[in-house]
Each structure stands twice: as structure tokens, then as C-alpha cells.
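2 protein chains.
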Amino acid sequence: MRKRNALYVQSGGVTAVINATACGVIETARRHRTHIGKIFAGHNGILGVLNEELIDTGKESIAAIRALRHTPGGAFGSARYKLKGLEESKLEYQRLIEVFRAHDIGYFFYNGGNDSQDTAHKVSLLGRELGYPITCIGIPKTVDNDLPHTDTCPGFGSVAKYVATSIREAAFDVASMAETSTKVFILEVMGRHAGWIAAATGLASDTPGAAPHIILFPEITFDEDAFLAKVKATVAKHGHCVVAASEGLKNKSGAFLAESGGRDAFGHAQLGGVAPTLATLVKERLGLKYHWAVADYLQRSARHIASKTDVEQAYAVGKTAVERAVKGDNAIMVSIVRKSDKPYRWTIGTAPLAKVANVERKMPRNFITRDGYHITAACRRYLQPLIGGEDYPPFKDGLPSYVKLKKVAVTKRLAESFRGKP
Amino acid sequence: MRKRNALYVQSGGVTAVINATACGVIETARRHRTHIGKIFAGHNGILGVLNEELIDTGKESIAAIRALRHTPGGAFGSARYKLKGLEESKLEYQRLIEVFRAHDIGYFFYNGGNDSQDTAHKVSLLGRELGYPITCIGIPKTVDNDLPHTDTCPGFGSVAKYVATSIREAAFDVASMAETSTKVFILEVMGRHAGWIAAATGLASDTPGAAPHIILFPEITFDEDAFLAKVKATVAKHGHCVVAASEGLKNKSGAFLAESGGRDAFGHAQLGGVAPTLATLVKERLGLKYHWAVADYLQRSARHIASKTDVEQAYAVGKTAVERAVKGDNAIMVSIVRKSDKPYRWTIGTAPLAKVANVERKMPRNFITRDGYHITAACRRYLQPLIGGEDYPPFKDGLPSYVKLKKVAVTKRLAESFRGKP
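Those protein sequences? They're chains X and B, same order as listed. Per the numbering used here, the very first residue in the first sequence carries number 1069; after that it's consecutive. Per the numbering used here, the very first residue in the second sequence carries number 1069; after that it's consecutive.
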């Protein structure tokens, strides 16, 4: 069997642990020298592949690759760049195969969300069609936790741990000051379409009365009066009220609350997030003192408080992707399979890319309480193990010590640069 | 010598380590039984004392008091409640002495910022005047780091570590996506009047080109054109730009940027923070894609990423306050004295309350670079040791395990409730 080169590409929004997957891929590929020659990475994701901008990971030291395991962000650069259908984006798919051919790439590992699994699938189809056999393995990654056929998505567990920890800590602060200061605190978290991250804040509420008292999900239409009544009742009962709000919260007409636009005469929809919008409501209609926070990128890059389970799964999907590829599997996504809830036991499985591509996994309605403001026991049972364990990065001079790679470019072999969109 | 009771009171905005000070006070007082009888705490700060709402810390277990060392917020409740001059707030000061007398309180430990040191000072004066001898010890606490006569204020080091860690992590995220996504990221941090916290983000920038690229201090008047030019140049050079902005940023007319009000026709000044205001500028005038985060209470409650140095100092000031009190010191604030920068060596000292009260410590101009957008080597030398070391809380089920006290009320002894303001 002839050795062929491998290409690893990061895609879409990065996470605290996507580099742990990169570490798993590269360390494992380095141990399979009979099958795999060089290990390349795409510079800034699939864009780099289209532009024949490849990085030679062989120039990185063992220690640097090891340090990826504890470094957030995307070490090789990622891209928000979606390839469409085979017909619509034909030039791009052909160019990918052209680049693969020029660099003798036999293994393509695409590490991303829904779109990436779809792209990996299409590449495998086109490779066959063009007579260029290529092993395509999708590796899941997304803080949104919305991929099907996997127990969870690497990246999600660490965001979940961050938001649950943060809301618990802020709630201790608010509770101690509520008598004379802030009565309502609102934390805005990510989740444009699904409430998985908002749900995770509910893990902090492990005793009666513990924050968050209210969770606002994108799945549940925002009802201003009901929300304000709930805030008022919570303050009456506990002296304060802590709210977790999903950025994807929508009003009755289906518009994003943060972009409802009624408040800013200049139409600066992006100025307000959901949290300040809700805070203004609380102030105007209840007259209560408030504070709000928007975690934004902090939540998905907080490697210092990553879930150990998440880090281990992120590494494992990378490792298994390579092992499956050299064993001859193709057109699959590696996945996480739950064996039991408590104690949490899991293993790595696979799902055909054809079944994963473009399918979105929604949060089950029975994960949200009937009143729409909290999580159920079933949800807690699902989420709890995903935040399990700590995996602190090394610190130097009081700060986490993260690696920056050398990113040595591979010499281009194609005469022409890509004439498509990028 | 007759045993007398002690009263410990938390004041003002709480921090990630004010309870470590409470732990230091209570554990140490429990070891001085020849001098100190019961150890009370004020429920919700000085308000609780005025209302004769005292907590008997003797009802808390050894383990619960120990757990205060790793629990954020104010375990006994804190208050934003300022006592004014002795004449203006005479009723209140007299009431304090009345409550002290009713509960045989001979030691008053007031844990707070500027106002609290002033109050502690006035109580000591009035006690003498009214023939009720009371030992008053001020214990520093404030994330603002604005108390004089101390190297730093417990609470600040942990916020500093949090903001520097967070901006470094977010910067790794932004750098990896900048090619196709966010080019400018803005993190808003606390600091209404002084830029100490904003300055601390600069610690993350320990190599050339490392984020934050721009720090906006309340000490430097915001110049829109200069700021935008700097953002543009940074994006041109590094592909992205990470900004730390102090909430106290002011424009040329001296108005807070977040409340400049020019953008919202309905006058909702609180809707926008500094970060979204700056982000809108970046979008409108440079056309660059942005993201922003507002850390708000998350930064001052993030016990999970507390500075070990800060925790140790917070405990030490509590411990020393008690030791000095039983030795006969009075009307002093315990302080932190720096012996050397590198290695950082410190000890606990004292300063007369009369000298501390109402004096604000400003950030020296030579801590900010000449262009006004970053910190100098002198600033770095001062700040660096304050974030040193990690001191993780215990975790349970994936989340930090914090203590909630029983807070058993002391039986009231005064016939009348307070007739003053509270």
C-alpha cells in the first residue's frame, strides 16, 4: 500500500477544544507512517485549501503539537466559508480535488459543524466521480451542539461549563448586594437557533432557589408580560433574580429580540444585545436596578475552565478519525456514543456522512420545563456529564500559556491561483 | 483583661476574595479566645448593624468558615450605604455605638473601600467621644485598586487575572477567524474612574503584536478619530484588532461615552455600554465586522480563576487585622507592603485610618504609554506579581462548590428599631 499525505482543516466558529482535536489528528497520524506521509493543514480553513495555502505540520515540534491540546482558538486558522451544492460550487470542488492531486493528499479530515460534514460528503462523492480516490472523514465540532448522530459535539461541553460556572459566580455576587443594589442580573449566552448553551446555565441551579431563576430559550417565544411577572415574583421570593438569555430569543412575530429595532431611532440593530434589551424592559416596567453581561467570544474560548470530558472527547474524535481512515473507512463522521448517564461512559462511533450532512439536531421540548423557563430533570441528566472534570492549561506569569505555531507554508505546486470566488 | 465581642462587616461591591478576608478574620478571632468572645457579622453590611441584624458566626462549622476562602460574593451580605460626616449622619453613628454597646462589641472590623475606611475612622472618633471604647480596624477591599497606603487592594488581583486571561483567550479565537469573520473585538471592563482593571488586560500582551492591541483608559480622553485610525492600522498590520475598553471612558466634553446619548432617541442611556458604542463606531466608520463582550459582574466574581497572590493577601489582611486588634492597635487600616517586584515579596503593614479615609489613589500617568493606548514597562512591573499563581476552588459535578452559610441571627437586645434612614 502506497503512503499518501493527509490534510486536516478547521472550519467555522472555533472553540476552546478544536485544537485538542487537531492534536489528536496530528499525533495519531504521526504514529501511522506506513500509511500517512506528510500531514498538512489548511491555512484559514477551506479557503487556504482553495488557495493552495497549506501548512506543513511536520515543521512543528512534538511539544508544540502537544500544547495544542490546551490551546483555544483555531491554531491553523478557520473560516466561515460554505461550499454549496456540487453544481452551484462546482469550480470550488474541482479546485479542491486539483489541490489534493497536486499534493498527493489521500486523507481529508474536515473538522467542523453541519456545513463541513456536508462539504466532506460532497468531496468524497466528487473524488470518486473524477477518478481521484480520497478518504474523507468528518470530525464534529461546534459549540452549538446541533449535529445529529453524536451524543454531543466537542466544544459544547466547555462552553456549558463556562456559562454554568459564570452564572453561579455572578449569582453569589448579586445575592450579597441585592438589599441595596442590583436586583436583576442578566447573562446573555450564545445560541442563535438552539438553546443548548442557555440550557447549560441551568446546571448551576442544583438546589431549590439557586440561580439561574429564569432561562430564556430561542425555542420558546418571548412573552414580555409573562417574563416580567416571573422576574417580579422571583425578586419578591428571593430578593433578586438571575436570568440567562439566549442571543437567539425571538418575539411573537418571529423577529430576534436583539434586533427588534423599536428602540433605536437610527436603526443600529447591532448596538443592543438581548441582555441590554431585557434589562431596559426590567427597568422601565418594574423599576428594578439591573446589571447585564454579554459573554460573547469569552464563552467559547475559555480554555482555562474547559470540561475535561470535552477535552478528552475532542482529542478522541481526532485520534479515531485517523485510525478509521488508515483502516479504510471513508465518508463517515466520527461520533461520540453514550453508554450510560451515571457514571458517564462513552465511546467513539461513526455515522455515514450522508446521514449527518445538513441535518440539525434540535433540543427536545421535554428538556424545557412546561412553563418554558427552566430545564427538566431529563435535560440535566443529559447535560451533567458533559461538563465533568477540569483540565487546566499550564500557567506562566499568572496567565495561561498557549502555543502559537510556526505555520510553515508548503511550496505551491499549481501554476494557477484559484479563479473562483475566494 | 475582659473579653469582648467582635463584629465583622462587609461593605460596598463584593469581590472574588472578600470572603477569604472573612475567613482570615473569623479563623484568627477563634484562636484568640482570651480577648474575643463572640464573633458577629453584619447582615447585609452596615445596614444590618444599624437595624441590629447581626449574624452569629459561631453557629457556622469550621468547614463552612474554611470554605469561605474559596467562595466569591459577600457571604454575610454587603451594602452600598455611605455614612456621611459625623454631624450629617449623627443619628446613624450614635445608633452604631448603641448597637455595639448592646452586644458588648469591642472590636469592629470594617472590610471595604474608601468610604468604609472613612466610616471606621469616624466610629473610632465617636466611640471615644461617647465614652464607649471601640477598637476599629479597616480592612481593604476593592476591585478598583484605588486605596492609598497599600500596595494593592484585595479583590483587584483576581479581576486583573480574569480580564487578562479572558482577553488572551478571546484574542486566540479572533485571530483564527479574522480572515473571513470578526476583525475587531472589544471587551468592556470595569473601572468607572480609574483604569487599573483596563491596564491589567495589558498583561496578556507579553509578546510583540499580542492582544490587546488597544487599551482605552478613563484617564485618557477618548478621541474618536485617533482611535479609529489606530484600529485601522492594527487590522492592516495584524489582520485583526483586540480592544480593552474601560466602562469609565469619557469624551472630550467629559461625558461618559456609554451615556453620551446621541444615538438613542428615547434616551435609554443604560442600554448601551461602552463596548457596543465603540463597536458601532467601528462598523459605521470603518465598515469592519466586530464582536463585543461586557464582562460586568463575571469579572469580579470569577473565583474559579482567582489570583493565588490575591487570595493569600485577602486572607492575610483579615488575619492581621485581628492580631493587631488584640495587641491593642486602633484606628488603623491593615495594608499590603511590597518588599520587591521580582520575586514578588510582600508583608502586611498598617496605615492610620485618618490618612487613608477618602483619599483616592490614581493610576500614575507614567503607567500609560505616551500615545495613551497601552501600558508601560513600569505598569507591567507593578501589575505582574498581583496575578501570580492559581488557587482553584473545589469542584463538584463539574462546577465550583461554593458555601452558603446558615446565617443564624443574633437575638435583638434593643427595644427600639432604628429610626434613622434605613
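We put the beta carbon where it would ideally sit given N, CA and C, even for glycine. If you're wondering where the values come from, they're calculated on a predicted model, not measured in any experiment.
State yes or no: is the beta carbon of residue 1107 of chain X nearer than 9 Å to at least one beta carbon in chain B?
Taking the first residue of the first sequence as 1, we reach residue 1107 of chain X at position 39. Using a Cβ-Cβ cut-off of 9 Å, residue 1107 of chain X does not count as an interface residue toward chain B, since no Cβ of chain B sits closer than that to its own.
Could you give the DSSP three-state label for residue 1221 of chain B: helix, strand or coil?
On the second sequence, residue 1221 of chain B is found 153 positions in, with the first residue counted as 1. Three-state DSSP puts residue 1221 of chain B in coil, outside helix and strand.
Looking at residue 1179 of chain X: is its Cβ nearer than 9 Å to the Cβ of residue 1209 of chain X?
Taking the first sequence and counting its residues from 1, the one referred to as residue 1179 of chain X is at position 111. Taking the first sequence and counting its residues from 1, the one referred to as residue 1209 of chain X is at position 141. Yes, Cβ-Cβ distance for residue 1179 of chain X and residue 1209 of chain X is below 9 Å.
Taking DSSP's pairing of strands, which residues face residue 1078 of chain B in a bridge?
Position 10 of the second sequence, counted from the start, is the residue given in the question as residue 1078 of chain B. DSSP output for residue 1078 of chain B lists B/1179 as bridge partner(s).
Counting only beta-carbon separations shorter than 9 Å, does residue 1370 of chain B have a partner in chain X?
Locating residue 1370 of chain B in the second sequence gives position 302, counting from the first residue. It does; some Cβ of chain X falls within 9 Å.
At a cut of 8 Å, does the segment 1306-1324 of chain B reach the segment 1247-1260 of chain B through at least three beta carbon pairs?
yes
Excluding the 5 residues preceding and the 5 following residue 1459 of chain B in the sequence, name in chain order all residues of the same chain whose CB lies nearer than 7 Å to its CB.
Here residue 1459 of chain B corresponds to residue number 391 of the second sequence, with the count starting at 1. Here the set comprises 1374, 1376 and 1379.
Is the beta carbon of residue 1095 of chain X within less than 8 Å of some heavy atom of the ligand SAH?
The model on display carries no ligand, and the ligand SAH is accordingly not part of it.
In or out: residue 1119 of chain B buried (at least 16 other Cβ within 10 Å) or exposed?
Taking the second sequence and counting its residues from 1, the one referred to as residue 1119 of chain B is at position 51. Buried: at least 16 other Cβ atoms inside 10 Å.
Would a check of beta-carbon distances place residue 1138 of chain X closer than 9 Å to chain B?
Taking the first residue of the first sequence as position 1, residue 1138 of chain X is located at position 70. Closer than 9 Å: no.
For a contact defined as C-beta to C-beta under 8 Å, what are the partners of residue 1442 of chain B on chain X?
Walking along the second sequence from the start, residue 1442 of chain B turns up at place 374. By Cβ distance, chain X contributes nothing, its closest Cβ being about 17 Å from residue 1442 of chain B, past 8 Å.
For residue 1463 of chain B, list the residues DSSP reports as bridge partners.
Translated into positions along the second sequence, residue 1463 of chain B becomes position 395. B/1468.
For residue 1280 of chain B versus residue 1371 of chain B, is the C-beta distance shorter than 9 Å?
Here residue 1280 of chain B refers to the residue found at position 212 when the second sequence is read from its first residue. Here residue 1371 of chain B refers to the residue found at position 303 when the second sequence is read from its first residue. Not a contact, by the Cβ cut-off of 9 Å.
Quick check on this structure: which residue in X/1317, X/1098, X/1278 and X/1362 has the alpha carbon closest to the alpha carbon of residue 1288 of chain X?
On the first sequence, position 220 is the one that residue 1288 of chain X refers to. When C-alpha distances from residue 1288 of chain X are compared across X/1317, X/1098, X/1278 and X/1362, the shortest belongs to X/1317.
Looking at the C-beta of residue 1178 of chain B, does it have a partner C-beta in chain X at a distance below 9 Å?
Residue 1178 of chain B sits at position 110 when you count from the first residue of the second sequence. Answer no: the Cβ-Cβ gap between residue 1178 of chain B and chain X never drops below 9 Å.
Let me check understanding here. Comparing Cα to Cα, which of B/1400, B/1429 and B/1409 lies closest to residue 1418 of chain B?
Taking the second sequence and counting its residues from 1, one reaches residue 1418 of chain B at position 350. Looking at the Cα atoms, B/1400 is the closest of the given residues.
By the 8 Å beta-carbon criterion, what residues does the segment 1187-1202 of chain X contribute toward chain B?
none
Could you tell me whether the Cβ of residue 1360 of chain X comes closer than 9 Å to any Cβ of chain B?
As a working note, residue 1360 of chain X is residue 292 in the first sequence. It does; some Cβ of chain B falls within 9 Å.
Inspect the CB distances between the segment 1232-1246 of chain X and the segment 1076-1090 of chain B and report whether three or more fall short of 8 Å.
With the rule of 3 Cβ pairs closer than 8 Å, the segment 1232-1246 of chain X counts as touching the segment 1076-1090 of chain B.
Does residue 1223 of chain X come within less than 9 Å of chain B when only Cβ atoms are used?
Locating residue 1223 of chain X in the first sequence gives position 155, where the first residue counts as 1. Interface flag for residue 1223 of chain X against chain B is unset, since no Cβ pair is found closer than 9 Å.
Could you tell me the distance, in whole angstroms, from the CA atom of residue 1076 of chain B to the CA atom of residue 1284 of chain B?
Mapped onto the second sequence, residue 1076 of chain B falls at position 8. Mapped onto the second sequence, residue 1284 of chain B falls at position 216. Cα to Cα, residue 1076 of chain B sits roughly 37 Å from residue 1284 of chain B.
Within this structure, are the beta carbons of residue 1191 of chain X and residue 1165 of chain X separated by less than 9 Å?
Mapped onto the first sequence, residue 1191 of chain X falls at position 123. Mapped onto the first sequence, residue 1165 of chain X falls at position 97. Contact flag set, yes.
Mind listing, in chain order, the continuous alpha helix (DSSP H) runs of no fewer than 4 residues lying wholly within the segment 1118-1199 of chain X?
1130-1135, 1158-1170 and 1182-1197
Alpha carbon to alpha carbon, how far is residue 1498 of chain X from residue 1271 of chain X?
Residue 1498 of chain X cannot be examined here, being either before or after the span of chain X that is shown, 1069 to 1490.
Residues of the segment 1143-1161 of chain X in Cβ contact with chain B at a cutoff of 9 Å, in chain order, please.
1143, 1144, 1145, 1146, 1147, 1148 and 1149
In angstroms with no decimal places, state the Cα-to-Cα distance between residue 1148 of chain B and residue 1249 of chain X.
Here residue 1148 of chain B is taken as the residue at index 80 of the second sequence, counted from 1. Here residue 1249 of chain X is taken as the residue at index 181 of the first sequence, counted from 1. Each residue's alpha carbon lies about 7 Å from the other.
Jot down the residue ranges of each uninterrupted beta strand (DSSP E) in the segment 1381-1464 of chain X, minimum 3 residues, whole runs only, in chain order.
1400-1408 and 1413-1420
Whether residue 1173 of chain B touches residue 1136 of chain B by CB criterion (9 Å)
Indexing the second sequence from 1 puts residue 1173 of chain B at position 105. Indexing the second sequence from 1 puts residue 1136 of chain B at position 68. No, the Cβ-Cβ distance between residue 1173 of chain B and residue 1136 of chain B is not below 9 Å.
Assuming the contact rule is C-beta atoms closer than 8 Å, residue 1451 of chain B and residue 1228 of chain B should be a hit. Round their C-beta distance to whole Å, please.
The sequence position of residue 1451 of chain B within the second sequence is 383, counting from 1. The sequence position of residue 1228 of chain B within the second sequence is 160, counting from 1. In this structure residue 1451 of chain B touches residue 1228 of chain B by the C-beta definition: roughly 6 Å separates them, less than 8 Å.
Where does residue 1285 of chain X sit, in a helix, a strand or coil, going by DSSP?
Position 217 of the first sequence, counting from 1, holds the residue named residue 1285 of chain X. Coil.
Using the C-alpha atoms, what's the distance from residue 1158 of chain X back to residue 1426 of chain X?
Within the first sequence, the letter at position 358 stands for residue 1426 of chain X. Within the first sequence, the letter at position 90 stands for residue 1158 of chain X. Cα to Cα, the separation comes out at about 18 Å.
Residue 1040 of chain X versus X/1381, X/1443 and X/1321, residue with shortest Cα-Cα distance
Since the displayed chain X opens at 1069 and closes at 1490, residue 1040 of chain X lies outside it and no answer follows.
Tell me which same chain residues have a C-beta within less than 8 Å of the C-beta of residue 1363 of chain B, skipping the five on either side of it?
The residue labelled residue 1363 of chain B in the question sits at position 295 within the second sequence. Excluding residues within five positions, the ones whose Cβ falls inside 8 Å are 1230, 1231, 1234, 1255, 1256, 1257 and 1258.
Checking contacts by CB at 9 Å: is residue 1470 of chain X closer than that to chain B?
Here residue 1470 of chain X is taken as the residue at index 402 of the first sequence, counted from 1. Yes - at least one Cβ of chain B is within 9 Å of the one on residue 1470 of chain X.
Ignore the nearest five residues each way along the sequence and tell me which others in residue 1278 of chain X's own chain have a CB closer than 7 Å to its CB.
The sequence position of residue 1278 of chain X within the first sequence is 210, counting from 1. Hits under 7 Å: 1272.
Consider the Cβ of residue 1486 of chain X: report whether some Cβ of chain B lies at a distance smaller than 9 Å.
The residue given as residue 1486 of chain X occupies position 418 in the first sequence. Chain B, which has no Cβ nearer than 9 Å to the Cβ of residue 1486 of chain X, makes this no.
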